[in-house]
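A.B. asks: Below is one structure. I have some questions about it.
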Amino acid sequence: MIKKTDKIFVAGHNGLVGSAIVRKLKQKGFKKIIIANRKDLDLINQQKVISFLKKKKPKFIFLAAAKVGGIYSNKKFKANYIYENLMIQTNVIHGAFEANIKNLIFLGSSCIYPKLSKQPIKETYFLSGKLEETNDAYAIAKIAGIKMCESYNLQYKTNYKCLMPTNTFGYNDNYHELDSHFVPSLFRKIYKIEKQKSKTIQIWGNGSPKREIIYSDDIADACVFFMNKKTRHNLINIGTGKDLKIKEYVNLFLKILLPKKKVKILYDKSKPNGTPRKVLDVSLAKKYGWTAKTSIKEAVLKTYNEYKNSQKQ
């Protein structure tokens, strides 16, 4: 059992999910949260990671650090994605073992599942088919992390759990023009319409792929929930279990954020669609007692307002 006074290390505390975990831990009253900026701890350097963990001796680790990006970036920089993610997770997971830290949560991604997986995607579909080509390098790194946690649990009796979040958005998201996922990209485009009084929005692909999205604070809630939960399963999906087409999200976001404005949606069909459909089966998480709590309207409004405020600074 992790107590409020135990030391907890959050790797990747500046990122989308890592920062949400820190907020959630503070909200729940945890007093000793360990964080380290990149200049103080390079997670790609194994010796430094092991030394850091042996010195700090946290009781629990949340491994939320990763190199992440959208379709364009994943396709163009495959070497960076596979190398950096393999190094980061290998060093933290092995470092935890070296420092005798028994408890860890590794955050993966729903892209670990096959491109043409049966829907909704159950945890048992893991390693059952071919991956989506645009982000297979990132997915393979995450798959290696899952198998590493599983292997250390089997060989060394550690308690390393793997949570697989669906498409996540929220505070501290990445809004880079070519490097972001579709939700932050949509926020950026909607803000441009609002600011420049434009009447059109352009979307990559034909808008037909179906996606499930979840608010980052809900992912953080799941992380803290499963921190103290005994589970028989090494791999657990974290999502809402509901999905919409990309074009439906575009219309929904416009309705929530620009209700009085008529906007024409243009589809750039020369750009890739990605996986045709991706919705997680979340019945296992529900069986353990966890479900997502934030409504899409609340999450969209909170995230968009935070993004708008960041643009004014």
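To convert, take the position in the sequence shown, counting from 1, and add 518; that gives the working numbering. The beta carbon of each residue, even a glycine, is placed where N, CA and C say it ideally should be. All values derive from a computational prediction rather than experimental measurement.
If we count the other Cβ atoms within 10 Å of its Cβ and call it buried at 16 or more, is Pro466 buried or exposed?
C.D. replies: The question about residue 466 has no answer, for the chain in this structure spans 519 to 831.
A.B. asks: Given Tyr806, which residues of its chain have a CB within under 7 Å of its CB, disregarding the five upstream and five downstream residues?
C.D. replies: Answer for Tyr806: Lys747 and Thr749, listed in chain order.
A.B. asks: Give the DSSP bridge partners of Arg729, in chain order.
C.D. replies: Per DSSP, Leu762 and Lys796.
A.B. asks: Straight-line CA distance for Ser828 to Ala810?
C.D. replies: Whole-angstrom Cα-Cα distance: 26 Å.
A.B. asks: Taking 8 Å as the cut-off, does the CB of Glu602 come closer than this to any heavy atom belonging to the ligand MG?
C.D. replies: Inclusion of the ligand MG in the displayed structure is not the case, the ligand content being empty and no account of it being possible.
A.B. asks: On the premise that Ile731 lies in contact with Ile719, defined as a C-beta separation below 8 Å, what is that separation, rounded to the nearest angstrom?
C.D. replies: About 18 Å separates the two Cβ atoms, so there is no contact after all.
A.B. asks: Give every residue of the same chain whose Cβ lies closer than 7 Å to the Cβ of Lys546, excluding the five residues on either side of it in the sequence, and list them in chain order.
C.D. replies: Only Val742 meet the Cβ criterion.
A.B. asks: Considering just the uninterrupted stretch of the beta strand (DSSP E) at Met682, what are its terminal residues?
C.D. replies: Residues Asn677 to Pro683.
A.B. asks: Buried or exposed for Leu561, please, with buried defined as at least 16 other CB atoms from any protein chain shown within 10 angstroms of its CB.
C.D. replies: Looking at its Cβ environment, which holds 16 or more other Cβ atoms inside 10 Å, Leu561 is buried.
A.B. asks: Apply the 10 Å Cβ neighbour rule to Lys585 and answer buried if 16 or more other Cβ atoms are within range, or exposed otherwise.
C.D. replies: By the neighbour-count rule (16 or more Cβ atoms within 10 Å), Lys585 is buried.
A.B. asks: Counting Cβ pairs, one atom from each stretch, are 3 or more of them under 8 Å apart for the stretch 784-804 and the stretch 750-761?
C.D. replies: The stretch 784-804 vs the stretch 750-761: in contact.
A.B. asks: Could you tell me which residues DSSP pairs with Asn755 in its beta bridges?
C.D. replies: DSSP output for Asn755 lists Met682 as bridge partner(s).
A.B. asks: Under 9 Å between the Cβ atoms of Thr523 and Lys544?
C.D. replies: Going by C-beta atoms, Thr523 is not nearer than 9 Å to Lys544.
A.B. asks: Nearest CA to the CA of Ile606: which residue from Ile619, Lys765, Ile568 and Pro683?
C.D. replies: Ile606 has its Cα closest to that of Ile568, out of Ile619, Lys765, Ile568 and Pro683.
A.B. asks: Can you look up Leu775 in the DSSP assignment and give me helix, strand or coil?
C.D. replies: The answer is helix: DSSP assigns Leu775 an H, G or I state.
A.B. asks: Could you check whether Ser734 and Ala538 sit closer than 9 Å to each other, using their CB atoms as the reference points?
C.D. replies: Taking 9 Å as the Cβ cut-off, Ala538 and Ser734 qualify as a contacting pair.
A.B. asks: Looking at the structure shown, is Lys782 part of a helix, part of a strand, or coil, going by DSSP?
C.D. replies: Correct three-state label for Lys782: strand.
A.B. asks: Let's see if you can read the secondary structure: which residues bound the alpha helix (DSSP H) around Asn692?
C.D. replies: Per DSSP, Asn692 belongs to no alpha helix (DSSP H) and is neither H nor E.
A.B. asks: Ordered along the chain, which non-local residues of its own chain (more than five positions away) have a Cβ less than 7 Å from that of Lys593?
C.D. replies: If we look at Lys593 and ignore the five residues flanking it on each side, its Cβ neighbours are Thr652.
A.B. asks: Taking Cβ to Cβ, would you say Lys763 is nearer than 9 Å to Lys728?
C.D. replies: For Lys763 and Lys728, yes; Cβs fall inside 9 Å.
A.B. asks: Who does Lys525 pair with in a DSSP beta bridge?
C.D. replies: Answer by DSSP bridge pairing, in chain order: Lys550.
A.B. asks: Less than 9 Å between the beta carbons of Lys796 and Asp761, yes or no?
C.D. replies: The answer is yes: Cβ separation under 9 Å.
A.B. asks: Count the other C-beta atoms from every protein chain shown that fall within 10 angstroms of the C-beta of Pro777, then say buried if there are 16 or more, exposed otherwise.
C.D. replies: Its Cβ having fewer than 16 others within 10 Å, Pro777 is exposed.
A.B. asks: Among Met745, Tyr785 and Met682, which one has its Cα closest to the Cα of Ser628?
C.D. replies: Nearest option by C-alpha distance: Met682.
A.B. asks: Give a yes or no on whether the minimum CB-CB distance between Gly547 and chain B is below 9 Å.
C.D. replies: No chain B appears in the structure shown, which is made up of a single protein chain.
A.B. asks: Can you give me the C-alpha to C-alpha distance between Asn570 and Lys648, rounded to a whole angstrom?
C.D. replies: In the sequence as displayed, the identity of residue 570 is Phe instead of Asn. C-alpha separation (whole angstroms): 38 Å.
A.B. asks: In three-state terms, what does DSSP make of Asn621?
C.D. replies: DSSP places Asn621 in strand when its eight states are reduced to three.
A.B. asks: Could you tell me whether the Cβ atoms of Gly663 and Ile611 are closer together than 9 Å?
C.D. replies: Result yes, Cβ atoms of Gly663 and Ile611 sit closer than 9 Å.
A.B. asks: Using 9 Å as the threshold, is the C-beta distance between Ile721 and Ile623 below it?
C.D. replies: No; because the gap between Cβ atoms is not below 9 Å, this pair is not in contact.
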